[in-house]
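Asker: Its first residue numbered 32, the sequence shown is counted upward by one per residue in my numbering.
Beta carbons: idealized from backbone N, C-alpha and C, even for Gly.
These figures come from a predicted structure and were not determined experimentally.
A single structure is presented below for examination.
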Amino acid sequence: MQKTKGLRLTLILLVLFLCLFGMLMIYSASSYSSDVLYGDAYHFVKKQFFGFLLGVGLFFVTYFFDYHRYYKLRYWVLGLSVLLLALVFVPGLGITANGARRWIGFGGINLQSSEVAKFGFVIFTACYLSKNFVKTKTFSGILPILLAGGIICLLVMLEPNMSVTMCIGLVMISMLVVGGISFRHFVILSIPALTLVVVLIVIEPYRFDRLIAFINPWANPKEEGYQLIQSLYSLGSGGLFGVGLFNSRQKYLFLPFAESDFIFAIIGEELGFVGATLIILVYLAIISIGIKIAYNAKDRLGAYLASGITFVIAIQLLINIAVVTGSIPPTGIPMPFVSAGGTSLSVFMGAMGILCNVARQNDNSFATVKFKKINLQLQNLKRKEIKNV
32 MQKTKGLRLT LILLVLFLCL FGMLMIYSAS SYSSDVLYGD AYHFVKKQFF GFLLGVGLFF
92 VTYFFDYHRY YKLRYWVLGL SVLLLALVFV PGLGITANGA RRWIGFGGIN LQSSEVAKFG
152 FVIFTACYLS KNFVKTKTFS GILPILLAGG IICLLVMLEP NMSVTMCIGL VMISMLVVGG
212 ISFRHFVILS IPALTLVVVL IVIEPYRFDR LIAFINPWAN PKEEGYQLIQ SLYSLGSGGL
272 FGVGLFNSRQ KYLFLPFAES DFIFAIIGEE LGFVGATLII LVYLAIISIG IKIAYNAKDR
332 LGAYLASGIT FVIAIQLLIN IAVVTGSIPP TGIPMPFVSA GGTSLSVFMG AMGILCNVAR
392 QNDNSFATVK FKKINLQLQN LKRKEIKNV
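Here is the structure:
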């Protein structure tokens with residue numbers, strides 16, 4: 032019991048470290064641009080801090096909310112996720128920025144619907160798999176998950192937001208694999224999914240231009256290749272130990288979205304290869320703890336919830352780093368807990384509350400088993416004493 036409590040405390044401390052480290056790096060990456068654009072060097076830091084406070088509140092709510100109750104709420108959670116995604120397209124509510132409609136604005140607060148939908152889908156899928164894991168060997172058995180994931184991916188794609196669509200699609204496939212999908216169905220689903228990705232890239236000019244820029248960014252260094260080149264400059268300048276905290280040169284309006292999607296490039300520039308590697312190790316520790324919580328869960332629902340949340344963190348981190356390092360074509364997706372984005376931070380912290388709730392109930396389950404063993408031992412001792420008398 033002490034071991035699992037220590038695991039849970041370690042997870043909370045690691046997440047807290049990333050949140051605080053993120054605010055520090057957001058200030059470093061955005062202080063100059065924030066001062067130029069908004070007249071306030073702390074503009075993005077203040078928004079992130081508000082998201083952090085909201086996230087702390089969400090963490091405690093989900094931490095003390097019995098995760099078994101999500102089963103009764105699964106359709107409401109899925110419906111809310113779809114509704115929030117649909118509201119993005121409602122005039123007066125949806126906010127357009129950089130050619131995409133990804134936010135809902137109300138009361139001076141902006142909400143990115145896709146951040147909520149990711150974990151809403153995880154909750155629905157975990158609940159479905161926990162009661163229908165036997166059916167995953169049949170196509171009809173996994174059809175509800177495919178339909179739910181397909182609707183969410185379609186709405187996210189219409190924003191458009193291909194990076195989050197890829198993230199949700201990969202999370203869906205990962206959860207189906209954990210849920211016991213057959214290899215034949217895995218292949219059948221993977222082929223059209225890969226084909227669809229290619230089609231979506233080809234039919235949209237700006238995505239095709241990004242693909243060309245990824246293959247050779249210096250072919251168009253002032254347009255589509257610009258962001259990737261600046262990111263590589265940033266990482267390359269860092270060397271082994273970096274140029275020093277707050278000393279980045281790329282943040283002076285050279286690297287676009289330095290405080291959000293490309294914050295890892297600033298981390299690499301200021302803290303070097305060593306610092307960037309240490310941050311990745313922190314993430315790997317969180318992912319490892321998530322896997323352990325899923326493995327030790329007392330029931331299938333807890334295992335699937337913990338697995339799904341861990342998949343979101345791992346997949347989103349992998350896509351973010353791959354984009355920043357030029358390993359895949361440029362696409363915008365935040366680095367969990369670190370990138371600027373109040374909605375992303377608060378929702379991820381809420382998801383950590385669910386993960387810790389699963390772990391806490393693992394503790395309770397362990398304590399119950401231990402109590403039963405002790406009680407059984409006492410009963411055996413009493414029987415021996417009676418026999419001796």
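#1: So, helix, strand or coil for Asn141, using DSSP?
#2: When the Cβ atoms of the segment 83-97 are set against those of the segment 119-126, are three or more pairs found closer than 8 Å?
#3: Can you say whether Trp249 is buried or exposed, counting buried as having 16 or more other CB atoms within 10 angstroms of its CB?
#4: My parser needs the beta strand (DSSP E) runs of 3 or more residues fully inside the segment 131-211; what are they?
#5: What would DSSP say about Gly125, mapped onto helix, strand or coil?
#6: Assuming Leu459 and Ile135 are in contact, meaning their beta carbons sit under 8 Å apart, how far apart are those beta carbons, in whole angstroms?
#7: According to DSSP, is Pro15 part of a helix, a strand, or is it coil?
#8: By how many angstroms is the C-alpha of Ser64 removed from the C-alpha of Val46?
#9: Below 8 Å on the Cβ atoms is my guess for Phe342 versus Val202; work out the distance and round it to an integer in Å.
#10: Throw me the rounded Cβ distance for the Glu8 and Leu276 pair, which I believe falls under 8 Å.
#11: Let me know if Ala100 comes out buried or exposed under the rule of 16 or more other beta-carbons within 10 Å of its beta-carbon.
#12: Gln79 by DSSP, collapsed to three states: which one?
#13: Please go through the same chain and pick out, in chain order, the residues whose beta-carbon is closer than 7 Å to the beta-carbon of Phe285, but skip the five residues on each side of it.
#14: If you check the beta carbons only, do Tyr102 and Ile385 fall under 7 Å apart?
#15: Taking Phe295 and Met366 to be in contact with their CB atoms under 8 Å, please state how far apart those CB atoms are, rounded to whole angstroms.
#16: How about Lys282 and Ala72: do their beta carbons lie closer than 7 Å?
#17: Alpha carbon to alpha carbon, how far is Ile377 from Leu89?
#18: Do Leu38 and Ile322 have their C-beta atoms within less than 7 Å of each other?
#19: Start and end of the alpha helix (DSSP H) containing Gln281?
#20: Answer with buried or exposed for Tyr106, where buried requires no fewer than 16 other C-beta atoms within 10 angstroms of its C-beta.
#21: Just confirm the distance between the C-beta atoms of Gln258 and Gly333, as a whole number of angstroms; I'd bet it's less than 8 Å.
#22: For the alpha helix (DSSP H) that contains Trp249, what are its first and last residues?
#23: The alpha helix (DSSP H) spanning Thr308 covers which residue range?
#24: Using only CA atoms, which one of Val76, Leu263, Gly172 lies nearest to Pro361?
#25: Cα separation between Ser431 and Gly180?
#26: In angstroms, rounded to a whole number, what distance separates the CA positions of Ala316 and Ile297?
#27: Measuring straight from C-alpha to C-alpha, what distance separates Met380 and Val369?
#28: Within 10 angstroms of the Cβ of Thr127, are there 16 or more other Cβ atoms? Answer buried if so, exposed if not.
#29: In terms of alpha-carbon separation, which member of Gly357, Tyr69, Val389 lies closest to Asn247?
#30: Once you ignore the five residues that flank Ser338 on each side, which residues in its own chain have a CB closer than 6 Å to its CB?
Answerer: Taking the structure as given:
#1: Within the sequence shown, the letter at position 110 stands for residue 141. Strand at Asn141.
#2: no
#3: Position 218 of the sequence shown, counted from the first residue, corresponds to residue 249. Exposed is the call here.
#4: 131-137, 140-143
#5: Position 94 of the sequence shown, counted from the start, is the residue given in the question as residue 125. Here Gly125 sits in strand by DSSP.
#6: Nothing about residue 459 can be read from this structure; the chain reaches only from 32 to 420.
#7: With the chain represented from 32 up to 420, any question about residue 15 goes unanswered, as that position is not in the structure.
#8: Position 15 of the sequence shown, counting from 1, holds the residue named residue 46. Position 33 of the sequence shown, counting from 1, holds the residue named residue 64. Rounded to whole angstroms, Val46 to Ser64 spans 27 Å at the Cα level.
#9: Taking the first residue of the sequence shown as position 1, residue 342 is located at position 311. Taking the first residue of the sequence shown as position 1, residue 202 is located at position 171. Going by Cβ atoms, the distance from Phe342 to Val202 rounds to 5 Å, so yes, they are a contact pair.
#10: Any property of residue 8 remains undetermined from this structure, which presents the chain solely from 32 to 420.
#11: Taking the first residue of the sequence shown as position 1, residue 100 is located at position 69. The sequence shown places Arg at residue 100, not Ala. It is exposed - the Cβ of Arg100 has fewer than 16 other Cβ atoms within 10 Å.
#12: Position 48 of the sequence shown, counting from 1, holds the residue named residue 79. Reduced to three states, the DSSP call for Gln79 is helix.
#13: Translated into positions along the sequence shown, residue 285 becomes position 254. For Phe285, where only same-chain residues beyond five positions count, the Cβ hits under 7 Å are Gln261.
#14: For the purposes of this step, residue 102 is taken as residue 71 along the sequence shown, with counting starting at 1. For the purposes of this step, residue 385 is taken as residue 354 along the sequence shown, with counting starting at 1. No; because the gap between Cβ atoms is not below 7 Å, this pair is not in contact.
#15: Here residue 295 refers to the residue found at position 264 of the sequence shown. Here residue 366 refers to the residue found at position 335 of the sequence shown. Indeed, because the Cβ distance is near 6 Å, the residues count as touching under 8 Å.
#16: On the sequence shown, residue 282 is found 251 positions in, with the first residue counted as 1. On the sequence shown, residue 72 is found 41 positions in, with the first residue counted as 1. No, the Cβ-Cβ distance between Lys282 and Ala72 is not below 7 Å.
#17: Counting from one through the sequence shown, the residue named residue 377 turns up at place 346. Counting from one through the sequence shown, the residue named residue 89 turns up at place 58. For the sequence presented, residue 377 should be read as Ser rather than Ile. Whole-angstrom Cα-Cα distance: 7 Å.
#18: On the sequence shown, residue 38 is found 7 positions in, with the first residue counted as 1. On the sequence shown, residue 322 is found 291 positions in, with the first residue counted as 1. No, the Cβ-Cβ distance between Leu38 and Ile322 is not below 7 Å.
#19: By one-based count along the sequence shown, residue 281 stands at place 250. Premise fails: Gln281 is in no alpha helix (DSSP H) and is neither H nor E.
#20: Along the sequence shown, one-based indexing puts residue 106 at 75. Counting Cβ neighbours within 10 Å, Tyr106 comes out exposed, since fewer than 16 surround it.
#21: The residue labelled residue 258 in the question sits at position 227 within the sequence shown. The residue labelled residue 333 in the question sits at position 302 within the sequence shown. At roughly 41 Å, the Cβ-Cβ gap does not stay under 8 Å, so Gln258 and Gly333 are not in contact.
#22: In the sequence shown, the residue the question calls residue 249 occupies position 218. Element bounds for Trp249: n/a, residue is neither H nor E.
#23: Walking along the sequence shown from the start, residue 308 turns up at place 277. Residues 294-326.
#24: One-based indexing of the sequence shown puts residue 361 at position 330. The option with the nearest alpha carbon to Pro361 is Leu263.
#25: The structure shown has nothing for residue 431, since the chain only spans 32 to 420.
#26: On the sequence shown, residue 316 is found 285 positions in, with the first residue counted as 1. On the sequence shown, residue 297 is found 266 positions in, with the first residue counted as 1. Each residue's alpha carbon lies about 22 Å from the other.
#27: The residue you call residue 380 lines up with position 349 of the sequence shown. The residue you call residue 369 lines up with position 338 of the sequence shown. Computed Cα separation, rounded: 12 Å.
#28: Here residue 127 corresponds to residue number 96 of the sequence shown, with the count starting at 1. The residue in question, Thr127, is exposed, as its Cβ has fewer than 16 Cβ neighbours within 10 Å.
#29: For this step, residue 247 is matched to residue 216 along the sequence shown. For Asn247, the nearest C-alpha among the options comes from Gly357.
#30: In the sequence shown, counting from the first residue as 1, residue 338 sits at position 307. Result list for Ser338: Val209, Ala325, in chain order.
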